[in-house]
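Student: Got a structure for you, written out below as C-alpha cells; questions coming shortly.
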C-alpha cells in the first residue's frame with residue numbers, strides 16, 4: 191500500500207517531499223486498519 195500511494199496515487203494529487211512520505215505511511219496504515227477491522231471484528235460478530 192505504501193508503494194501504491196508513493197508512486198501511483200500521490201503524484202497524481204501533486205504531493206511532493208514530506209507530504210508524499212507522510213501521506214504514504216498514513217494511507218498504508220489506514221488501509222491495513224480497515225482490512226483488519228473487516229476481517230476480524232465483523233467476522234466475529236457474524237458468528
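Residue numbers (this note's numbering): 191 to 237.
Every residue, glycine too, gets a C-beta built ideally from N, C-alpha and C.
A quick note: this is a predicted structure, and the numbers were derived from the prediction, not measured.
#1: Am I right that residue 205 and residue 213 are in contact with their C-beta atoms under 8 Å? What's the rounded C-beta distance?
#2: For residue 235 and residue 211, what's the separation of their Cα atoms in angstroms?
#3: CA-CA distance, residue 223 and residue 199?
Tutor: According to the structure data:
#1: 6 Å
#2: 36 Å
#3: 19 Å
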